[in-house]
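Chain order of the listed sequences is G and U. When we follow the numbering used here, the leftmost residue of the first sequence carries the number 565, and every step to the right adds one. When we follow the numbering used here, the leftmost residue of the second sequence carries the number 5, and every step to the right adds one. As C-alpha cells, the structure follows; a few thoughts come after it.
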Amino acid sequence: NAGVTQTPKFQVLKTGQSMTLQCAQDMNHNSMYWYRQDPGMGLRLIYYSASEGTTDKGEVPNGYNVSRLNKREFSLRLESAAPSQTSVYFCASTTVNVGGTEAFFGQGTRLTVV
Amino acid sequence: AQSVAQPEDQVNVAEGNPLTVKCTYSVSGNPYLFWYVQYPNRGLQFLLKYITGDNLVKGSYGFEAEFNKSQTSFHLKKPSALVSDSALYFCAVRDMGGSQGNLIFGKGTKLSVKP
Numbered sequence: 565n566a567g568v569t570q571t572p573k574f575q576v577l578k579t580g581q582s583m584t585l586q587c588a589q590d591m592n593h594n595s596m597y598w599y600r601q602d603p604g605m606g607l608r609l610i611y612y613s614a615s616e617g618t619t620d621k622g623e624v625p626n627g628y629n630v631s632r633l634n635k636r637e638f639s640l641r642l643e644s645a646a647p648s649q650t651s652v653y654f655c656a657s658t659t660v661n662v663g664g665t666e667a668f669f670g671q672g673t674r675l676t677v678v
Numbered sequence: 005a006q007s008v009a010q011p012e013d014q015v016n017v018a019e020g021n022p023l024t025v026k027c028t029y030s031v032s033g034n035p036y037l038f039w040y041v042q043y044p045n046r047g048l049q050f051l052l053k054y055i056t057g058d059n060l061v062k063g064s065y066g067f068e069a070e071f072n073k074s075q076t077s078f079h080l081k082k083p084s085a086l087v088s089d090s091a092l093y094f095c096a097v098r099d100m101g102g103s104q105g106n107l108i109f110g111k112g113t114k115l116s117v118k119p
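Here's what the structure looks like:
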C-alpha cells in the first residue's frame with residue numbers, strides 16, 4: 565500500500581518555465597489537496613478537489629492550476645514559474661464524509677525557481 | 005474564520021524530561037483536531053486526533069494530547085522525551101465549511117531534544 569505518491573521529489577526551474585507536479589493515491593479517498601510549505605508559515609492550501617471532476621481554490625491559488633484526472637490522481641501545474649513559487653509542495657488525500665478521518669501526505673516536492 | 009495557533013516557534017527539552025507542545029484553536033462548532041510530525045526532508049506523518057469523547061487522546065510513538073474545550077487548547081505531550089523525537093510538529097483543525105475538509109495548520113513548532 566503506497567499511500568500518496570508525488571513526483572518529482574526535486575526540481576529546479578528557470579523563471580518562466582512550466583511544469584506539472586503529479587500526485588496519486590491508492591486509498592480510494594474522495595478528497596485531495598495541494599499545499600505549499602514555506603519556513604515560518606506552516607502549510608497553506610493552494611487548491612483542493614472534493615471529488616472527481618471538481619476543483620476549487622484554496623488560500624494561495626495564484627500562479628497555479630490543477631486537474632483531477634480521476635479519483636486517484638490530482639496534478640498541480642505551474643504555467644510560468646516565478647521565484648516566489650520556490651517552496652516545498654505537498655499533496656494530501658482524505659475521506660471527508662467522516663470529519664474525523666486524518667489526511668495522508670506525500671513525501672513532498674522541493675521546487676526551486678531561479 | 006477557523007484558525008490554529010502554535011505560540012512557540014521552538015521547544016527545547018532534555019532527553020528523559022516531559023515535553024509539551026502548545027496549540028490553541030478557534031472554530032465554530034465542534035472541532036476535529038490533529039497533530040502531525042515532520043522529520044527533515046520528509047512528508048507529514050499523522051500522530052493523533054481528537055474527534056469526540058475522552059479529552060486525553062493517545063497516539064503514535066508514546067505521544068498524547070489533551071483537549072480542553074474551555075481553554076480551546078489541544079496541547080501535545082509526552083512523559084519522557086527521546087532525542088529521536090526532534091522534529092517539526094504541526095497542529096491542525098479540520099475546516100468542515102467551504103474547503104471540504106481541508107486541514108488548517110498552525111505554523112509549526114520545532115522540537116529539539118538534547119541528550
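Where is the CB? At the ideal position from N, CA and C, for every residue including glycine.
Item, Value
"Going straight from the alpha carbon of residue 622 of chain G to that of residue 96 of chain U, what length do you get?", "16 Å"
"Pop quiz: residue 624 of chain G and residue 647 of chain G are said to be a contact at Cβ under 8 Å. What is the actual Cβ separation, rounded to whole angstroms?", "Not really, about 15 Å apart at Cβ, beyond 8 Å."
"Using a Cβ-Cβ cutoff of less than 7 Å, which residues in the same chain neighbour residue 91 of chain U once the five nearest sequence positions on both sides are dropped?", "41, 42, 43, 115"
"Out of U:93, U:76, U:21, U:27, state which residue places its alpha-carbon closest to the alpha-carbon of residue 48 of chain U.", "U:93"
"Would you please verify whether the beta carbon of residue 106 of chain U is less than 7 Å from any beta carbon of chain G?", "yes"
"Determine the chain G residues that contact residue 115 of chain U at a beta-carbon separation under 8 Å, and present them in chain order.", "Correct list: empty, because the minimum Cβ distance to chain G is about 15 Å."
"For residue 616 of chain G, decide whether its Cβ has a neighbour in chain U, counting only Cβ atoms nearer than 7 Å.", "no"
"Check the DSSP bridge columns for residue 79 of chain U and list the partner residues they point to.", "U:70"
"Examine the Cβ distances between the region 598-606 of chain G and the region 636-651 of chain G and report whether three or more of them are shorter than 8 Å.", "yes"
"Would residue 620 of chain G pass as a contact of residue 651 of chain G if the rule is Cβ separation under 7 Å?", "no"
"Taking the Cβ atom as the reference point for each residue, do residue 113 of chain U and residue 79 of chain U lie within a distance shorter than 7 Å?", "no"
"To the nearest angstrom, how far is the alpha carbon of residue 51 of chain U from that of residue 73 of chain U?", "20 Å"
"Throw me the rounded Cβ distance for the residue 673 of chain G and residue 573 of chain G pair, which I believe falls under 8 Å.", "6 Å"
"Which one or two residues does DSSP pair with residue 116 of chain U in a beta bridge?", "U:16"
"So, is residue 585 of chain G buried or exposed, given that buried needs 16 or more other C-beta atoms within 10 angstroms?", "buried"
"May I ask which residues mark the beginning and end of the beta strand (DSSP E) holding residue 87 of chain U?", "Per DSSP, residue 87 of chain U belongs to no beta strand (DSSP E) and is neither H nor E."
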